[in-house]
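Some notes on the structure that comes next.
Numbering (my numbering), first residue to last: 550 to 1252.
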């Protein structure tokens, strides 16, 4: 028994020993307890099933038992409501026997169960960022957070790189304000490429912090690859792989999940679908199918990539290559429990998909994982936090409000931007003044105040969707408004079952659906939803470059797979560099090989379109660009000259050459003054600074 285990509160030690059967802690849990005892903020990094949840809970429960105060002692933030539902039992298993209460708070919890007005608040509160905004807007509920000791953020990697992470960071600072002191923060994450940077962002300046990462012993991993150009062939391959197995099948989109489920209907035993547009009851049923006896298969998107406990799986199938090493590792970690090897089968459409899949595995073998970089200019979240502050305060002096706003870590040093935002919102009547005090204006009341200002709770835009309900009112899921625009009579697959749309209520956005019995027909429509897939990460793209230059994989591939990889390298027809840009002329096009990922290639493609004369057609993909329709005598030379021009551009030059997207694509984007919106797009969508640095660094090989 370690000294850390022996030092735990006797009640907690008794629960661990007699209810969980533990005679000691895992190394990551022991290290987390030591670090937490110093008062440091922690980032606990461990793979799926690595024990990181308990690594955060045990020191928190121990401290609360030893130093307990009234009110909520520990707040646990999760990215998904489903993850809260899944983890509640795990938290209760440790907390409840010690006498500490646990409660969930999110939109799917009945209203009467998520209020403690007049009663005792729970010791451990599990919620989402959006629901925490609701709690902080209620004076009675917020008071219960004054004695908080810990804030645990689960799956921190799901937050840190986007605007929702900025909202989390603001909430952490605001919780410190409520408590009147710095609260101890514990972040939990799967493997990330830059843990120190993520922890610095999560913790903040001047605070003690520590990364807790105890590498797990390497386990056995088994990979297989199937290349099938035809969609029906890929479905047959999936059917063969999952037969008799407990398997997750990951696909790239909700539409792909429904399409594959439609093809496999009747071919695979205990088949379910899991994605964000299905009702909670259908998602829970899919998760439960893997907990039961016998074989089961769930076709899913990234909704099952996060840490929902789905028991021991035999196999993970990846249809198409993953877009990042991080995503690949998360999915691979779903299998390989209890000493069994982790097994992943790739089902791919062509040899290029095979190349990307193999490159992803090679990058993971070399411990190359994407860094998480918080947004640099999160002005839409600044607008959200400004409105929330005025919603809570009623009115406030401009200077004190901006001082408070820019005191939040995410907006430090952005006073000029904050004043520009306020001036613009005053001009558009979203804000108004009364005797020198700033307050919400009539336009904000008109556009944001519905449902108790629910629009202010989140920072991401929800697409316009129709709730799919049976005539009895049972929720099936959601259908994109564009998909149902064709009217009634449509037969589609939702949740793996055939449904017919029999009525549409435009006012309440309800699509009434009834079961469409029988086998799939050619006239069935596959549903679609708004949203684009993630671009290929620079880490994977760089690994592809090394693989093409080498001409073969370092993995123990089969003969056919190795030949396919070598064939793609040979097909280019020249010595392929391992980095930089390769520009060569092919039949009726100039081909540019680029190993810098989807985002940079998109920016490069837009610049080539803007700068090349005579308006050629430029196509940008994750790995290459194609220029067609060049009319000059030396197309390759012209492209090379434009590359030389691009190398000399500044970040401002790049930004001014790119078309601006629609501000409506961002929640609160249309509320920003044009200058701030353009700055945000240049920094955080297009990464113009990073683009310039890469262009200046990389060589261009002309063939």
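Heads up, the beta-carbon is just placed ideally off N, CA and C, and yes, glycines get one too.
request  = Please say whether residue 592 and residue 742 have beta carbons closer to each other than 8 Å?
outcome  = Taking the chain shown and counting its residues from 1, the one referred to as residue 742 is at position 193. Taking the chain shown and counting its residues from 1, the one referred to as residue 592 is at position 43. No, they are not a contact pair.
key: Inside the segment 1042 to 1112 only - beta strand (DSSP E) runs reaching at least 3 residues   = 1046 to 1054 and 1059 to 1064
query = Exposed or buried, which one is residue 795 when buried takes at least 16 other CB atoms within 10 Å?
reply = The sequence position of residue 795 within the chain shown is 246, counting from 1. Buried, since its Cβ has 16 or more Cβ neighbours within 10 Å.
task = Could you spell out where the beta strand (DSSP E) holding residue 1237 opens and where it closes?
result = By one-based count along the chain shown, residue 1237 stands at place 688. It is not in any beta strand (DSSP E) - residue 1237 instead sits in the alpha helix (DSSP H) that spans 1237 to 1246.
request  = Could you round the C-beta distance between residue 1089 and residue 908 to whole angstroms and report it? I think they count as a contact, below 8 Å.
outcome  = Looking up residue 1089 in the chain shown gives position 540. Looking up residue 908 in the chain shown gives position 359. With 8 Å as the limit, residue 1089 and residue 908 qualify as a contact, their Cβ atoms being about 6 Å apart.
message = Can you confirm whether the segment 594 to 610 touches the segment 756 to 766 when touching is taken to mean that 3 or more C-beta pairs between the two stretches lie within less than 8 Å?
response = yes
query = Since residue 675 and residue 633 are thought to touch, with beta carbons under 8 Å apart, how far apart are those beta carbons, to the nearest angstrom?
reply = As a position in the chain shown, residue 675 is number 126, starting the count at 1. As a position in the chain shown, residue 633 is number 84, starting the count at 1. Right, their Cβ atoms sit about 5 Å apart.
request  = Examine the Cβ distances between the segment 1010 to 1023 and the segment 975 to 995 and report whether three or more of them are shorter than 8 Å.
outcome  = no
ask   = By how many angstroms is the C-alpha of residue 938 removed from the C-alpha of residue 983?
value = Start at 1 with the first residue of the chain shown, and residue 983 comes out as number 434. Start at 1 with the first residue of the chain shown, and residue 938 comes out as number 389. Straight-line Cα distance between these residues: approximately 16 Å.
query = In its own chain, which residues sit with a C-beta less than 6 Å from the C-beta of residue 777, not counting the 5 before and 5 after it?
reply = Taking the chain shown and counting its residues from 1, the one referred to as residue 777 is at position 228. Taken in chain order, the residues that qualify are 783 and 786.
query = Taking Cβ positions, are residue 562 and residue 1008 nearer each other than 8 Å?
reply = Along the chain shown, one-based indexing puts residue 562 at 13. Along the chain shown, one-based indexing puts residue 1008 at 459. The answer is no: Cβ separation not under 8 Å.
task = Give the straight-line distance between the Cα atoms of residue 930 and residue 569, rounded to the nearest whole angstrom.
result = If you number the chain shown from 1, residue 930 lands on position 381. If you number the chain shown from 1, residue 569 lands on position 20. Straight-line Cα distance between these residues: approximately 42 Å.
request  = Output the residue ranges of the alpha helix (DSSP H) runs that lie fully inside the segment 839 to 886 and measure 4 residues or longer, sorted by chain position.
outcome  = 874 to 881
ask   = Looking at the structure shown, is residue 714 part of a helix, part of a strand, or coil, going by DSSP?
value = By one-based count along the chain shown, residue 714 stands at place 165. Helix.
request  = Mind the definition here: the segment 698 to 707 touches the segment 599 to 610 only if three or more C-beta pairs lie below 8 Å; say whether that holds.
outcome  = yes
As assigned by DSSP and simplified to three states, the class of residue 625 = As a position in the chain shown, residue 625 is number 76, starting the count at 1. Looking at residue 625 - three-state DSSP - the assignment turns out to be strand.
ask   = Do you know offhand how far residue 1249's Cα is from residue 1232's?
value = On the chain shown, position 700 is the one that residue 1249 refers to. On the chain shown, position 683 is the one that residue 1232 refers to. Spanning the two alpha carbons is a distance of roughly 25 Å.
Three-pair Cβ contact test at 8 Å for the segment 819 to 830 versus the segment 1041 to 1055 = yes
ask   = Hey, quick one: how far does the beta strand (DSSP E) through residue 1024 stretch, first residue to last?
value = In the chain shown, the residue the question calls residue 1024 occupies position 475. 1024 to 1029 is the span of the beta strand (DSSP E), which, as asked, contains residue 1024.
ask   = Going along the chain, which unbroken runs of the alpha helix (DSSP H) with 4 or more residues stay wholly within the segment 751 to 808?
value = 780 to 791
key: Distance, residue 924 Cα to residue 716 Cα   = Locating residue 716 in the chain shown gives position 167, counting from the first residue. Locating residue 924 in the chain shown gives position 375, counting from the first residue. C-alpha separation (whole angstroms): 11 Å.
query = For residue 673, is the classification buried or exposed, using 16 other Cβ atoms within 10 angstroms of its Cβ as the cut-off for buried?
reply = Within the chain shown, residue 673 is the residue found at index 124, counting from 1. The residue in question, residue 673, is buried, as its Cβ has 16 or more Cβ neighbours within 10 Å.
inquiry  = Strictly by DSSP, which residues pair up with residue 823?
reply    = Your numbering for residue 823 matches position 274 in the chain shown. DSSP output for residue 823 lists 849 as bridge partner(s).
Residue 801 vs residue 869 beta-carbon contact at 8 Å = Your numbering for residue 801 matches position 252 in the chain shown. Your numbering for residue 869 matches position 320 in the chain shown. Yes, Cβ-Cβ distance for residue 801 and residue 869 is below 8 Å.
key: Close-in-space but distant-in-sequence residues of the same chain around residue 1134 (CB under 8 Å, 5 per side omitted)   = Locating residue 1134 in the chain shown gives position 585, counting from the first residue. Excluding sequence neighbours, residue 1134 sits near 1140, 1184, 1185 and 1252.
query = Can you pull the DSSP bridge partners for residue 896?
reply = Within the chain shown, residue 896 is the residue found at index 347, counting from 1. Bridge partners of residue 896: 775 and 868.
request  = Give the DSSP-derived three-state secondary structure of residue 601 in the structure shown.
outcome  = Residue mapping note: residue 601 aligns to position 52 of the chain shown, counting from 1. Three-state result, residue 601: helix.
ask   = For residue 1144, does the three-state DSSP call read helix, strand or coil?
value = Position 595 of the chain shown, counting from 1, holds the residue named residue 1144. Coil, per DSSP.
key: Opposing strand residues paired with residue 1173 [DSSP bridges]   = As a position in the chain shown, residue 1173 is number 624, starting the count at 1. Answer by DSSP bridge pairing, in chain order: 1142.
message = Determine whether the beta carbon atoms of residue 1224 and residue 969 lie at a separation below 8 Å.
response = On the chain shown, residue 1224 is found 675 positions in, with the first residue counted as 1. On the chain shown, residue 969 is found 420 positions in, with the first residue counted as 1. Result yes, Cβ atoms of residue 1224 and residue 969 sit closer than 8 Å.
request  = With a cut-off of 8 Å on the beta carbons, I'd call residue 722 and residue 957 a contact; round off their distance for me.
outcome  = Along the chain shown, read from residue 1 onward, the residue named residue 722 stands at position 173. Along the chain shown, read from residue 1 onward, the residue named residue 957 stands at position 408. Contact holds; Cβ gap of about 5 Å.
Residues near residue 1218 by beta carbon distance below 7 Å, same chain, minus five either side = Here residue 1218 corresponds to residue number 669 of the chain shown, with the count starting at 1. Here the set comprises 929, 1212 and 1226.
inquiry  = Give me the DSSP bridge partner(s) of residue 654.
reply    = Against the chain shown, residue 654 aligns to sequence position 105. Its beta-bridge partners are 676.
ask   = Which residues share a DSSP beta bridge with residue 1015?
value = Residue numbering aside, residue 1015 sits at position 466 when the chain shown is read from its first letter. Answer by DSSP bridge pairing, in chain order: 1028.
request  = Hey, could you find the ends of the beta strand (DSSP E) residue 1233 is sitting in?
outcome  = For the purposes of this step, residue 1233 is taken as the residue at position 684 of the chain shown. It is not in any beta strand (DSSP E) - residue 1233 carries neither H nor E in the DSSP assignment.
For residue 980: DSSP bridge partner residues = Position 431 of the chain shown, counted from the first residue, corresponds to residue 980. Looking at the DSSP assignment, residue 980 forms a beta bridge with 989.
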